[in-house]
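Engineer: Quick one: the structure is below, and I'll ask about it shortly.
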Amino acid sequence: MFAIAASVMAIATTAAPASVRADLASASKTIDALARELRDLNGSVATPQWQRPKAETYTRRLIDAQVAYGTGRFEEAAILLFDYMLQPGLRDRDVALYYLAESLYRRHDYMSAQRYFGDLVQTFPTSKHYQSALERLIELAVDLDDNASVTPRIAALDAIPADKKRPSAPYVRGKYAYATGNNAEALTFFAQVKPGSAYEFQARFFEGAVFVAGKELDKAIEAYAGLLKLRPRTGADRRIIELAQLALGRLYYEKDLTSAAVDAYLMIDRRSDLFSEALYEIAWVYIKAQEFEKALRALELLALTDPTSSRLPTVRILEANLRVRKAQAVRARIIVGVEAEAGNPSEEYDRAEKIFIATADLYRPAHDELATIVGEQRDTRLYLGQITSRAADAFTASATMPELAAAWVRDDAAVKRLTVANQDLGDIGDDLRTAEDMIARVDAALSAEHRVSLFPALAKKRQRALAVREELLAIYLELAREGAAREAAHVQGGEGSSIKTARDARQALETELAALPGSDKPAADRVAAARAEYDSLAQDAATMELQLDGLIATSKALRKYASEAKPPLTPAQRLETDQALAAYDIEIDLQRQELQVLAREIDVGRDQAGVSDEVALRRRDLIAALAGAYAAEFAVALPVWARASQLAKAGDIATRGGAAWTTADELIARIDSLVDGQLVEVRAELEQIRADLLAHRGEFEGTQGQSDVIGTDVLAFAFREVIGKFYEILVRSDVGVVDVHWSQREEGLEDLTKLTLERSRELKHLRDEFRDLIEEDQAAKAGEPTTPTAPAPGGEGSQP
């Protein structure tokens, strides 16, 4: 546009039509307003201050971490505190270190918690959290069975003056003494916990546990009964009350106090997770008291209360055995004529047999499937997604087992630890992928045009400068059209050909610019429309992902059907099914990877939409080319316009427009320069983060590899353990069926023996009663021939 300003000459001041004067006057006012706006924008541009977050920012993060910890979001708290601890020179590092260790402790990451509590004790001996850290270290020594490191911690805790010790100190010391078998010392420390203390309930409960360990059951009962008289203040207190009620029930059971034991158990709330355990123990109380009917009612209620419990098969088998015993007891009463209406032995035997058979039918498929997995030496990692039940892995398990088997495998202690570790690794993997995607987005944000969006105030000013240039182009278009309409009568020589060539080039650029999407809209509307298109693509991608999840669920259902089909699939059918589903899963996995790539591209594209995308960059190039085309056209047309009196003000307008364009260009260049200067450090820091992330990725993959190796062994061992448990259930069920039939057989034999004896007694009684007749008959038979005499012909017959 410098050429425009340089080429514009004074135009004759001959009178022009009113419409022309009005159009030129409007254009002149618009240019003046745009020039003033550009000057104001240029004066308001300040150098952006890109710097690391200040100490106040990290103080707020520490507060946020404490809030997260207080609301139970321990993982979020740990992440915030890790970032805080990486920053040098910040205050309250002991506070951050304590809450970091405490968050890890609450997440059961005991090894890491022990490390950070140890750092706090060693580095900040004057911290207000020093004593709390010592107490946690003593508790962790119990949890980790690490008695070697606890001695100096106990000495440090004991060295604190009595008036400065926390109320929890004697409780922690007593707890450690109890864990190490020093019962007398434990009682001494627990007695030091004052009434009303936050640790009163825990101390009283452990006192009872100490008496139980010392076989002093009466004292234990007294301790727990005293605990029940206290009024709970918190949820933790109420939990301890329930545990005390459970302990009392067990103590009364040991002392054969049936009624007291049942009353103690029934004090536990039905909504408590301990209620099912209380019911189970109530059943054993009644069994011990030979009250089988009440025991059966307790077991039936337990089966209804907790139908998914791993204790359920034991409960069912116990119920069936009790029905066998009940049938025997009922029969015994019937025999002696007492309570003949108490029940029907045959019905009890039938119900017991059905329970035994149903239990075996329930657990046999799970046992057989697990046995097949172990026998065929399948890779146990194929089942990890199903066992861990992690949302991100739920659909990626390439093999499934009966859910009943998976539930039992999850109950294994080692598998529980593996599940926690696998979930943590899965979360770390998700976080790494999120960080990688975020780096890609930031990297794209640092590219040309789009980088200014990192500074919203500057981005707004730059966007307005670009819009001003487009408004100036509209004014230039009106000037060009006005000149073309009035220059024909003033063209001389070869001027017409030169003007036409320049004008055709300019119009070609205008046509191409107008053909770009959104050319009829303001810049802000173009950006919004472009981002809306990406939002629509994101919704389509989400729909596709849901459909893909449906396909994965179908694959899992087909596997479940194949493993539980009745009749079972033949080995050939099973092999064919497994191969087809494996190929199906590979295709699904490829599609999922493509969707993940698409999602990342949509995120990046949305950030650049209307600013740094292909259309926006082409628009930028066309606007620059169009500005040059106007300059070229004005250069050859201006001498002609100088001879046209109607265009008297065109030169002045073009000159001031050129100055405004220059101001807009300078403003845009100044903003870009300021942004680039501030982003030098950002780019360097981004590269460092990228390198750190790459190192973390390598460490993560190495840890994941080790976890896979360990997990394979853990799952294989757990599978064998669960197979053994299922086998025991099947054996007990089969033995129960045999017991039913054997009992019925024994009773049948007993009845037959009794009937035989009864028959013998009846025969003896008849012989005794008719002894005279029998003897006469025998004597008569002894004096007569053995065959009768034939009667005389015509006579009445012979005498016997």
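So the number in the working numbering is just where the residue sits in the sequence shown, counting from 1, plus 1349.
Yeah, the Cβ is synthetic: ideal placement off N, Cα and C, and Gly gets one too.
1) What whole-angstrom Cβ distance do Leu-1390 and Leu-2016 have, given they're in contact under 8 Å?
2) I'd like the span of the alpha helix (DSSP H) that includes Pro-1751, first residue to last.
3) Check each candidate in Leu-1821, Tyr-1548, Arg-1646, Ala-1382 and name the one with the smallest Cα separation from Arg-1582.
4) Measuring alpha carbon to alpha carbon, tell me which of Gly-1438, Ala-1505, Ala-1450 ends up nearest Leu-1342.
5) Ile-1380 and Arg-2005 - do their beta-carbons sit closer together than 7 Å?
6) For Asn-1771, does the three-state DSSP call read helix, strand or coil?
7) Can you list, in chain order, the residues of its chain with a C-beta nearer than 7 Å to that of Gln-1940? Leave out the 5 residues immediately preceding and following it.
8) Are the beta-carbon atoms of Ser-1904 and Leu-1865 separated by less than 7 Å?
9) What is the residue span of the alpha helix (DSSP H) that Lys-1810 lies within?
10) Among the residues of its own chain, which have a CB less than 8 Å from the CB of Tyr-1602, if the five just before and after it don't count?
11) In chain order, what residues of the same chain lie with their CB nearer than 8 Å to the CB of Ala-1978, ignoring the 5 residues before and after it?
12) Please report the Cβ distance between Val-2080 and Ile-1706, rounded to the nearest whole angstrom; I am assuming they are in contact, meaning their Cβ atoms lie under 8 Å.
13) Does the Cβ-Cβ distance between Tyr-1407 and Tyr-1447 come in under 7 Å?
14) Can you tell me the Cβ-Cβ gap for Ala-1829 and Glu-1982, rounded? I've got them flagged as a contact below 8 Å.
15) Which stretch, first to last residue, makes up the alpha helix (DSSP H) that contains Thr-1500?
16) So, is Pro-1519 buried or exposed, given that buried needs 16 or more other C-beta atoms within 10 angstroms?
17) On the CB-based measure, 16 or more other CB atoms within 10 Å of its CB, does Ala-1746 come out buried or exposed?
18) Our contact map puts Val-2024 next to Val-1801 with C-beta atoms below 8 Å; I'd like the distance itself, whole angstroms only.
19) Please check the pair Phe-1423 and Ser-1452, which I expect to be a contact at CB under 8 Å, by giving their CB distance rounded to whole angstroms.
20) Measure the alpha-carbon distance for Ser-1481 versus Leu-1781 and round it to whole angstroms.
21) Restricting to Cα atoms, I'd like to know which of Thr-1768, Ala-1881, Gly-1954, Ala-1965 is closest to Ile-2059.
22) DSSP on Ala-2131, reduced to helix/strand/coil?
23) Report, in whole angstroms, the separation of the C-beta atoms of Ala-1715 and Phe-2075, which I expect to be a contact under 8 Å.
24) Counting along the chain, where does the alpha helix (DSSP H) carrying Val-1985 start and finish?
25) Asp-1567 lies in the alpha helix (DSSP H); which residues open and close that run?
26) So, using beta-carbon positions, are Pro-1516 and Ser-1546 closer together than 7 Å?
27) Tell me whether the segment 1667-1686 and the segment 2089-2096 touch, counting them as touching only if at least three CB pairs, one residue from each stretch, are closer than 8 Å.
28) Whole angstroms is fine: what's the gap from Pro-1694's alpha carbon to Glu-1640's?
29) CA-CA distance, Arg-2116 and Val-2089?
30) Are Ile-1736 and Arg-1759 close, meaning C-beta to C-beta below 7 Å?
31) Suppose only complete runs of 3+ residues qualify. What are the beta strand (DSSP E) ranges in the segment 1635-1687, listed by chain order?
32) By how many angstroms is the C-alpha of Glu-2077 removed from the C-alpha of His-2114?
33) Span of the alpha helix (DSSP H) holding Lys-1524?
34) Inspect the beta-carbon positions of Leu-1651 and Ser-1625 and report whether they are closer than 7 Å.
35) With 16 as the cutoff for other CB atoms within 10 Å, does Val-1817 come out buried or exposed?
Structural biologist: With the structure as the only source:
1) Counted from its first residue, the sequence shown places residue 1390 at position 41. Counted from its first residue, the sequence shown places residue 2016 at position 667. About 6 Å separates the two Cβ atoms, so the contact holds.
2) As a first step, residue 1751 is located in the sequence shown; it is residue number 402 there, counting from the start. For Pro-1751, there is no enclosing alpha helix (DSSP H), as DSSP marks it with neither H nor E.
3) Indexing the sequence shown from 1 puts residue 1582 at position 233. Comparing alpha carbon positions, the residue from Leu-1821, Tyr-1548, Arg-1646, Ala-1382 closest to Arg-1582 is Tyr-1548.
4) This structure does not reach residue 1342, given that the chain is present from 1350 up to 2149, and the question cannot be answered.
5) Translated into the one-based positions of the sequence shown, residue 2005 becomes position 656. Translated into the one-based positions of the sequence shown, residue 1380 becomes position 31. Yes, they are a contact pair.
6) The sequence position of residue 1771 within the sequence shown is 422, counting from 1. Reduced to three states, the DSSP call for Asn-1771 is helix.
7) Taking the sequence shown and counting its residues from 1, one reaches residue 1940 at position 591. Here Gln-1940 has Leu-1897 as same chain residues with Cβ atoms under 7 Å from its own Cβ, once five neighbours each way along the sequence are excluded.
8) Counting from one through the sequence shown, the residue named residue 1904 turns up at place 555. Counting from one through the sequence shown, the residue named residue 1865 turns up at place 516. A distance of 7 Å or more separates the beta carbons of Ser-1904 and Leu-1865.
9) Here residue 1810 refers to the residue found at position 461 of the sequence shown. Lys-1810: member of the alpha helix (DSSP H) spanning 1805-1835, first to last residue.
10) Here residue 1602 corresponds to residue number 253 of the sequence shown, with the count starting at 1. The residues are Ala-1610, Glu-1630, Trp-1633, Val-1634, Lys-1637.
11) Translated into positions along the sequence shown, residue 1978 becomes position 629. Take Ala-1978, set aside five residues on each side of it, and the residues of its chain with a beta-carbon closer than 8 Å to its own are Ala-1851, Ala-1854, Arg-1855, Leu-1858, in chain order.
12) On the sequence shown, position 731 is the one that residue 2080 refers to. On the sequence shown, position 357 is the one that residue 1706 refers to. About 14 Å separates the two Cβ atoms, so there is no contact after all.
13) Residue numbering aside, residue 1407 sits at position 58 when the sequence shown is read from its first letter. Residue numbering aside, residue 1447 sits at position 98 when the sequence shown is read from its first letter. Taking 7 Å as the Cβ cut-off, Tyr-1407 and Tyr-1447 do not qualify as a contacting pair.
14) By one-based count along the sequence shown, residue 1829 stands at place 480. By one-based count along the sequence shown, residue 1982 stands at place 633. Contact flag correct, Cβ pair sits at about 6 Å.
15) Within the sequence shown, numbered from 1, the residue matching residue 1500 stands at position 151. Unbroken alpha helix (DSSP H) run through Thr-1500: 1499-1507.
16) Looking up residue 1519 in the sequence shown gives position 170. Per the 10 Å Cβ criterion, buried.
17) Position 397 of the sequence shown, counting from 1, holds the residue named residue 1746. Bear in mind that a pLDDT of 47 at Ala-1746, under 50, signals an unreliable position, so the number given afterwards is only what the model happens to contain. With 16 or more Cβ atoms within 10 Å of its Cβ, Ala-1746 is classed as buried.
18) Translated into the one-based positions of the sequence shown, residue 2024 becomes position 675. Translated into the one-based positions of the sequence shown, residue 1801 becomes position 452. Contact holds; Cβ gap of about 5 Å.
19) Taking the first residue of the sequence shown as 1, we reach residue 1423 at position 74. Taking the first residue of the sequence shown as 1, we reach residue 1452 at position 103. For Phe-1423 against Ser-1452, the beta-carbon gap comes to about 4 Å, under 8 Å, which counts as contact.
20) As a position in the sequence shown, residue 1481 is number 132, starting the count at 1. As a position in the sequence shown, residue 1781 is number 432, starting the count at 1. Leu-1781 has its alpha-carbon roughly 34 Å from the corresponding atom of Ser-1481.
21) By 1-based counting over the sequence shown, the position of residue 2059 is 710. Per the Cα distances, Thr-1768.
22) Walking along the sequence shown from the start, residue 2131 turns up at place 782. Looking at Ala-2131 - three-state DSSP - the assignment turns out to be helix.
23) In the sequence shown, residue 1715 corresponds to position 366, counting from 1. In the sequence shown, residue 2075 corresponds to position 726, counting from 1. With a contact defined as Cβ atoms closer than 8 Å, Ala-1715 and Phe-2075 qualify at about 6 Å.
24) Along the sequence shown, read from residue 1 onward, the residue named residue 1985 stands at position 636. Secondary structure note for Val-1985: its alpha helix (DSSP H) is the uninterrupted segment 1963-1991.
25) Translated into positions along the sequence shown, residue 1567 becomes position 218. In the DSSP annotation of this structure, the continuous segment of the alpha helix (DSSP H) that includes Asp-1567 starts and ends at 1566-1577.
26) The count along the sequence shown starts at 1 and reaches residue 1516 at position 167. The count along the sequence shown starts at 1 and reaches residue 1546 at position 197. Ser-1546 sits close to Pro-1516, with the two beta carbons spaced by under 7 Å.
27) Yes: at least three Cβ pairs fall under 8 Å.
28) Along the sequence shown, read from residue 1 onward, the residue named residue 1694 stands at position 345. Along the sequence shown, read from residue 1 onward, the residue named residue 1640 stands at position 291. One Cα belongs to Pro-1694, the other to Glu-1640, and the distance between them is close to 16 Å.
29) The count along the sequence shown starts at 1 and reaches residue 2116 at position 767. The count along the sequence shown starts at 1 and reaches residue 2089 at position 740. So the alpha carbons of these two residues sit roughly 40 Å apart.
30) Within the sequence shown, residue 1736 is the residue found at index 387, counting from 1. Within the sequence shown, residue 1759 is the residue found at index 410, counting from 1. Contact annotation: Ile-1736 and Arg-1759 have beta-carbon atoms nearer than 7 Å.
31) Listed in chain order, there is nothing to give.
32) Here residue 2114 is taken as the residue at index 765 of the sequence shown, counted from 1. Here residue 2077 is taken as the residue at index 728 of the sequence shown, counted from 1. The alpha-carbon atoms of His-2114 and Glu-2077 are separated by roughly 54 Å.
33) Sequence index remark: in the sequence shown, residue 1524 carries index 175 (1-based). Looking at the DSSP string, the run of the alpha helix (DSSP H) that includes Lys-1524 is 1517-1528.
34) Along the sequence shown, one-based indexing puts residue 1651 at 302. Along the sequence shown, one-based indexing puts residue 1625 at 276. Ser-1625 sits close to Leu-1651, with the two beta carbons spaced by under 7 Å.
35) For this step, residue 1817 is matched to residue 468 along the sequence shown. Counting Cβ neighbours within 10 Å, Val-1817 comes out buried, since at least 16 surround it.
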